[in-house]
Each structure stands twice: as C-alpha cells, then as structure tokens.
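Structure first, commentary second.
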Amino acid sequence: MVQDNFDQLVNALSITPLPIDIVSKLTFLIEQQTLESYPSFVSQSIQSLHVLEQWAWQQLSYDSYQWINQLNYLTLFQTLSSFNKNLICNFDNIEVETKALLLISCTIDQINSIFEQINQNDDDNDPCIAIISVWFDNLAFFIYENPQFDISPIICHINQYIGRNYVMTDQFKFYLTQLEQTNLSQSIFTTKQLFYIKTCSFSLSSYLAAKTQNFLFTPEEVLHHVSNKYLQIINIHSHTMESWSNELLICITYLTGFICGCCWWGGEKLTHIKILFSTEQISINLVQGLIRIISYKPFYKEIKSGTLNNVLILIDIILKFLLFILQTQNMICFFRSNILLPDILLTIAENSSCDKLSLCAYSVLSEVLTDERLKELKVTDNICNLLFTILEQGWNHPLKKYKHIPIIYLLRGFMSLSKSSTIQQKVFDGHRLSLFIEMCDEYPIVYDIIWTFSFNQDIQQQLHSNSLFMSKLTHLAKECDNEQMCKIIHGILWNLNINHENRPITSEINDGKTFDIMISYSHKEKVLCKQIYDELIKFDYR
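Take 189 as the starting number for the sequence shown in this note's numbering and just add one per residue.
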C-alpha cells in the first residue's frame, strides 16, 4: 500500500504546476521509513526513487527562485538528503550499485547549470547553496566509502570543475586567510564560504585519494596552494578549542581531511609531502597541534554519542593523519616523548561508539607504545574482527585499497598491532593465518608480520601444519639474496625449530643438545637478536 502511494505520488511529479500537497505527501512517506524498513522500501520502490532523485537534481539545476521560498520544497529536499545519507552510511545489505544509481542520477548539463547558479549568485548566504552543498557532500561521502565509483563521468566532471574553479583559486585562499585570524568574526562563515571550504575540500579529497592520475593539477601544486595557510590555521586554533564555533569545527575538519587526502594521493610516491613537512620544526608544530585537538576532553562526549558527527569525523581524520605521519616521517621519538599520548589514545579507543574510530586509535597507539606495553594491549573482539575485515577487503580490492588507503599502509599499521597477544590469539582462533600467507609474496612486509606471529606457540603449530608454506620458507632461506628478507625468513624458521617458551635453560631439545645461553627476545630489536644468535652459533654455543 505504501509502495502504491509512493509510486503514484512520484508519477504526479510531472504535473505542471505541481500541487503542493504532492510534495508534502512525498516528504511524509520518506520520513516514515525506519532503519528496518529501508532495504525493502528501496528494493520495492527503486524505479520511483530513481525518478524522484532525477527530479530533485532537475529542480536544483533549474531556476531555484521558483521554489526556494516554499517551505514544503525545502522540507522535501532536506528529508531526501537525509534519506540519501542513511543510504550511504547504514545499509551494507543494499547493493552498492543500487546506491550509485540513486545518488549519481544527474547529468553533466545539470551539474554545469548548478555551478553556474553558484557562480552568478551574489547572495553569499543563499539557502539554495546550502541545499546544493548537502547534495555534493553526499556524493563525496559515497565516493569516500566506495572509491571504485571515482571513474563515473559525473564524479570526474564534478571534481575537475571543483579543482579548477573553486579550490585552486584566489577566492579559496582568501577564505583560508580569513581562518588564519586569531579572533574570528562569526560573520565570515557564510554559506558560500562553507561550500568552498567544506564541500569542495571534501569532494576533492575523496576523489583524489581514490584516483591517482588524470587530474588537472599535481599533488605538489595543490599542497603549494594550501599547505602553508593550513599549517597556520592549526597552529592558531589548536589552542582555542573551547571557543570553536560549529562552523570553525567544520572548516578545520574538512581542511584536515583535504590535506590528509593530498598526502595519501599517489600511493607510495611521497615526494610531494615534503612541501607540507618542509622542516623538522614545522612537522613538530603540526603534530603538536593535532594532538592538542584530540586531547580536548569535551570532544569525548561527542564520540560516545553513537551518531556520526563532525567531532567524530575530525578525530577520525586526525588519527589517520597521525598514523600516516608515523609511517612516513622519522618522528617516533617525538611521539613517544609525549607521555600523555598513550592515555589519550586509549581513552578514545575505549570510549568511542564507532569501531572504526577505535581501530584508528589502537593503530596509532600500537606505533607509540613500548613493546612491553604493546604486548599487554587488550583489543576487543569487535575491533579485532573489524581489523581483519578491513585487511581482507583491502587485499581483495582491485586497487589493493580499503576505502582510500593503500593496503601497504594498512599492513604497516598492522605490523605493530601484530605484537599484541590479543591480536595473535584472534589470528589463531579465527584461522586468519592463511590470509597473511596469501599476501606475503606481493607484500614482503607480511613475512615480518608472520615472524612476529611465529613467537606464539599456537600459531607455530599452524605454521608447522602448512607444508607448502614451510617448503617455501625453506627454499627462500637457501635462495634469498636480500639480506633483510633472509634475516626474517631465518628468524621464522628459527622460531619453528626451537620452542623458546616455558623451557628451562638446561633442558634437552630434540637433537639431544642443551642450552648454554638463552637470548631474551625483543620485538623492537629482533634483527639484533638474530645477529647475536648467529654469532653465538659460530662459536659453538648452544
């Protein structure tokens, strides 16, 4: 019955002039949908929903002054945009192709018309710009969650236009200059400014992180354009979180996401990030500012709320940015010099209602903790399962990415987490070892992860039982010509040949020999431990 009513109302959209009660009834039916009813509603009404989405884009691209002052129209657009955001966020059981059909239901001509309206609009607080911004925000969020759709001609056109006509312009830099001021007037936060700083930054960062080529500008050009002003904004406003307006929070959130996206842009080619991290002091200032922001305790209430909000998004972005910095810049000593940072990260990890945010916090935490504390780190079942799911999805993705993050960065992050006894137990219990064995030829860092695993007695048994992998290790030990890889392979085999756990120094082993010396193993100095072992063997120590 609901479907019949909805279909009839959508069919009535072609009536000219459109009766206002049609708009109100459509709004009411969409508002009635619950999280439980979404999948069936989308499945049963897909054609009518597609028509409605096309109609909405047509209205946005047409003369908005014919409807912008009509409350019923505004309410429908707000309701439909919320429906679309829920569609992106909450329903893995709805095919992503179905979501794309509904969300990317516009034409290039319509997009050009929308941009032309924005460009010609002298009212910086026109509500039409706000509505258009939400529509583009949803597209950007969809691409962030599903980067494979960055090849859509519509998405490409939108972001090429945004890059050329909004971001890489003097007007964008003017808005950044406004944000560099210590005491900000609320009047600077116009609807058009937020379109530039939030919507355009978000759209372009989602697109560029997914796409590594065929863009009008290089990563170097983009960072030269914005990085100095961004660094200044963080240096100033990371001291004043208590006075942030919601608009400033939005600007800092999406500018940080944009800068972070530019860093990911290009995969492992990192020459462009020297523009951002041009000196040691600049790098330190940025990291200090980012840590100050995530240390602000009133933010923790927002990450507990269970809803997707700008504070949660900001902290998530900052944690990913910090992880990127840890993996690409030689700053581990500086991070570890902040004695409060582990407690800050643990508070975020344990209090967030979002598992992905908790995982980000654990990932950064695993980089800064000492080996002793890391081994004792307890990670919840939900986070462990999410971690393995992310690795599997990244490995199985055609571009070897999870969302916009190349799998090599995921593996580097996991390298530290793999030292946790909890993680190792989950690898054993869930029979996850096969995933890492499958990846190791393409990503040699995985051999290092397996070396860490091989100190776990339970995982030793699983490795021993995999005859093909044992044969591969034996072959590599003889044929490998890479010194570091040889050390790793021999380290794995060493662990599998001698059980170092719970064995007295003088106890006999399989060949009848006894220990003369026991080496206390350190994850941090495992190469050194292996060198000590090799030297002792040369001199016939047992």
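All residues carry an ideal CB built from backbone N, CA and C; glycine is no exception.
Return the CA-CA distance between residue i and residue j, expressed in angstroms with no decimal places.
i: tryptophan 432; j: serine 301; result: 35 Å
i: leucine 500; j: glutamate 667; result: 49 Å
i: leucine 259; j: serine 212; result: 10 Å
i: histidine 425; j: threonine 370; result: 7 Å
i: arginine 138; j: aspartate 531; result: Here the chain comprises residues numbered 189 to 730, so residue 138 is not present and cannot be evaluated.
i: serine 471; j: leucine 545; result: 24 Å
i: leucine 621; j: isoleucine 647; result: 8 Å
i: serine 695; j: asparagine 685; result: The predicted position of serine 695 is uncertain, since its pLDDT is 39 and thus under 50; a value taken from the coordinates is nonetheless stated next. Answer to the nearest angstrom: the Cα atoms are 15 Å apart.
i: aspartate 358; j: valine 414; result: 11 Å
i: aspartate 209; j: threonine 295; result: 28 Å
i: proline 632; j: tryptophan 639; result: 11 Å
i: isoleucine 725; j: asparagine 683; result: 15 Å
i: glutamine 719; j: glutamate 564; result: 26 Å
i: asparagine 334; j: leucine 557; result: 33 Å
i: tyrosine 418; j: glutamine 305; result: 29 Å
i: histidine 652; j: serine 608; result: 21 Å
i: leucine 514; j: valine 355; result: 28 Å
i: tryptophan 243; j: tyrosine 597; result: 42 Å
i: histidine 663; j: phenylalanine 657; result: 10 Å
i: arginine 600; j: glycine 445; result: 21 Å
i: isoleucine 503; j: isoleucine 482; result: 6 Å
i: tyrosine 226; j: glutamate 285; result: 16 Å
i: alanine 397; j: isoleucine 331; result: 10 Å
i: cysteine 717; j: glutamine 612; result: 21 Å
i: glutamate 626; j: serine 642; result: 16 Å
i: serine 493; j: glutamate 580; result: 29 Å
i: asparagine 353; j: glutamine 308; result: 13 Å
i: valine 322; j: phenylalanine 383; result: 9 Å
Kindly list the residues whose CB is nearer than 6 Å to the CB of residue i, restricted to its own chain and excluding five residues on each side of it in sequence; keep chain order.
i: isoleucine 350; result: Cys388, Ser391, Leu392
i: isoleucine 203; result: none
i: threonine 267; result: Thr215, Ile218, Glu219
i: lysine 614; result: Cys572
i: asparagine 687; result: Note that asparagine 687 scores 38 on pLDDT, short of 50, meaning its location in the model is unreliable; the coordinates nonetheless yield the value given after this. Here the set comprises nothing.
For residue i, which residues from the same chain have a beta carbon less than 8 Å from its beta carbon, with the 5 sequence-adjacent residues on both sides left out?
i: tyrosine 635; result: Cys628, Met673, Ile676, Ile677, Ile680
i: alanine 549; result: Leu507, Leu533, Leu534, Ile536, Ala537, Ser540
i: glutamine 366; result: Leu372, Ile376, Gln381
i: asparagine 698; result: Confidence at asparagine 698 is low in this model, with a pLDDT of 43, below 50, so the placement of that residue should be treated as unreliable; the coordinate-derived value is given next. None.
i: leucine 240; result: Val198, Leu201, Leu214, Leu268
i: asparagine 326; result: Ser269, Asn272, Lys273, Ile276, Leu291
i: proline 315; result: Ile256, Leu262, Thr379
i: asparagine 416; result: none
What are the start and end residues of the alpha helix (DSSP H) that includes residue i?
i: tyrosine 582; result: The question names tyrosine, but residue 582 is glycine in the sequence shown. From DSSP, the alpha helix (DSSP H) with glycine 582 extends over 569 to 584.
i: proline 227; result: 226 to 232
i: arginine 352; result: Where arginine 352 is concerned, there is no enclosing alpha helix (DSSP H), given that its DSSP letter is neither H nor E.
i: phenylalanine 523; result: 520 to 525
i: tyrosine 743; result: Because residue 743 is not part of the residues shown, which for the chain are 189 to 730, the question remains open.
i: aspartate 531; result: 529 to 539
i: tyrosine 550; result: 543 to 556
i: aspartate 559; result: 559 to 564
i: asparagine 498; result: 498 to 516
i: threonine 215; result: 208 to 219
Do residue j and residue i come within 7 Å of each other at the CB atom, strictly closer than that value?
i: serine 606; j: glutamate 555; result: no
i: serine 236; j: valine 198; result: yes
i: valine 410; j: cysteine 450; result: yes
i: threonine 263; j: isoleucine 317; result: no
i: isoleucine 276; j: isoleucine 342; result: no
i: phenylalanine 229; j: alanine 288; result: no
i: isoleucine 505; j: cysteine 542; result: no
i: leucine 547; j: leucine 575; result: yes
i: isoleucine 578; j: lysine 588; result: no
i: isoleucine 319; j: phenylalanine 265; result: yes
i: lysine 660; j: threonine 610; result: no
i: asparagine 473; j: asparagine 423; result: yes
Only counting the same chain, and skipping five residues up and downstream in sequence, which positions put a Cβ closer than 7 Å to that of residue i?
i: asparagine 347; result: Ser391, Leu392, Tyr395
i: threonine 516; result: Leu458, Ile461
i: isoleucine 385; result: Tyr363, Cys439, Tyr442, Leu443
i: glutamate 408; result: His460, Ile463
i: histidine 345; result: Ile296, Ile299
i: tyrosine 590; result: Ile578, Gln581, Gly582, Leu598
Give a yes or no on whether 7 Å exceeds the smallest Cβ distance from residue i to chain C.
i: lysine 508; result: Although the question refers to chain C, the structure presented lacks it and comprises just one protein chain.
Worksheet item: Which runs of the beta strand (DSSP E) fall wholly inside the region 438 to 472 and span at least 3 residues, in chain order?
Response: Taking only runs of at least 3 residues, no beta strand (DSSP E) segment lies wholly in the region 438 to 472.
Practice prompt. Go through the region 602 to 676 residue by residue and report every complete run of the alpha helix (DSSP H) that reaches 4 residues or more, in order.
Written response: Whole alpha helix (DSSP H) segments, 4+ residues: 609 to 617, 621 to 627, 633 to 641, 645 to 653, 655 to 667.
Worksheet entry | Completely contained alpha helix (DSSP H) runs for the region 328 to 406, where each covers 4 or more residues | You should have 341 to 350, 358 to 367, 379 to 382, 389 to 398.
Worksheet item: Whole alpha helix (DSSP H) runs in the region 252 to 302 with 4 or more residues, listed along the chain?
Response: Counting only runs of 4 or more, we get 259 to 278, 284 to 291.
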